[in-house]
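Structure, as structure tokens:
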Amino acid sequence: MRRQTAISGINPAGSSRALRLDPLSLPVSFDAQDVRADNGVRRVELHRERVVLRRAVQGMRMAINLRVSDFRGIALRGIDDAQTLVLLHRDPSLTIPLCVSSDPDEIASAWQTWSDIFALPQLFEEAPNEPSPRRRRRSAIGARRPKFLVRRRGGGAIDTASVHRGEREIIARN
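Given below as structure tokens:
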């Protein structure tokens, strides 16, 4: 029987241990914290070439399938006395924690191993970055002239009346 706490719900077995995933035993599946998901938890499936994130948001279940090459790299974050290795994505909500430890030698070896397995660069990150800006809904060339109008020749200035200097003007009157 599991204990239930007032704040965090049910504690999974071994919840007091720090997160340590073995990079040599992929594929691996685990639960990670997600503030946007229902119950604050998402399911992560980590493979050598892809990552699958499963979560429910406002009752709608979804699975996000990402290639490992879509991630920026393996980043080292310093949190108080412990350091964290994360699989860093451009969108911070898709970043995945890999290892938490206060031992610098263990972090260094895990950092190198994860980087080699995923063929991603090792990155330093002091603080989590802000979300990427929203993409523009219209393309950059949307305001350009249509192709058939580009082929047309532009009109010239309106031709003013010709004025002949030094000539007599003939005016017809009734």
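Residues 2 to 175 (the working numbering) are what the sequence shown spells out, left to right. Glycine residues also receive a C-beta, built at the ideal position from the N, C-alpha and C atoms. Bear in mind the structure is a predicted one, so any value in this text is a computation, not a measurement.
#1: Determine contact between the stretch 35-42 and the stretch 52-70, defined as no fewer than three beta-carbon pairs at a distance below 8 Å.
#2: For I65, count neighbouring Cβ atoms within 10 angstroms of its own Cβ and tell me buried if that reaches 16, exposed if not.
#3: Beta-carbon separation of L67 and V87 under 8 Å?
#4: Hey, would you say the C-beta of W115 is under 7 Å away from at least one heavy atom of the ligand GDP?
#5: With DSSP collapsed to three states, give me the class of R21.
#6: Comparing alpha-carbon positions, which option in Q34, L27 and M61 lies nearest H48?
#7: Going by the CB atoms, is the gap between L124 and A76 shorter than 8 Å?
#8: Tell me the rounded alpha-carbon separation between T114 and V36.
#9: Taking all protein chains shown into account, do 16 or more other C-beta atoms lie within 10 angstroms of the C-beta of A120, making it buried, or fewer, making it exposed?
#10: Do A33 and I118 have their C-beta atoms within less than 8 Å of each other?
#11: Does the separation of the CB atoms of E50 and S30 fall below 8 Å?
#12: Going by the CB atoms, is the gap between E126 and R91 shorter than 8 Å?
#13: Please name the residue in G74, C100 and A109 whose C-alpha comes closest to that of P122.
#14: Do A83 and S102 count as a contact pair if the criterion is CB distance below 8 Å?
#15: I'd like the list of long-range same chain contacts for L22, defined as Cβ closer than 8 Å, with 5 residues on each side in sequence excluded.
If we stick to the structure as given:
#1: yes
#2: exposed
#3: no
#4: With respect to the ligand GDP, the structure shown offers nothing to examine, as it has no ligands at all.
#5: strand
#6: L27
#7: yes
#8: 29 Å
#9: exposed
#10: no
#11: no
#12: no
#13: G74
#14: yes
#15: V29, F31, L47, L99 and C100
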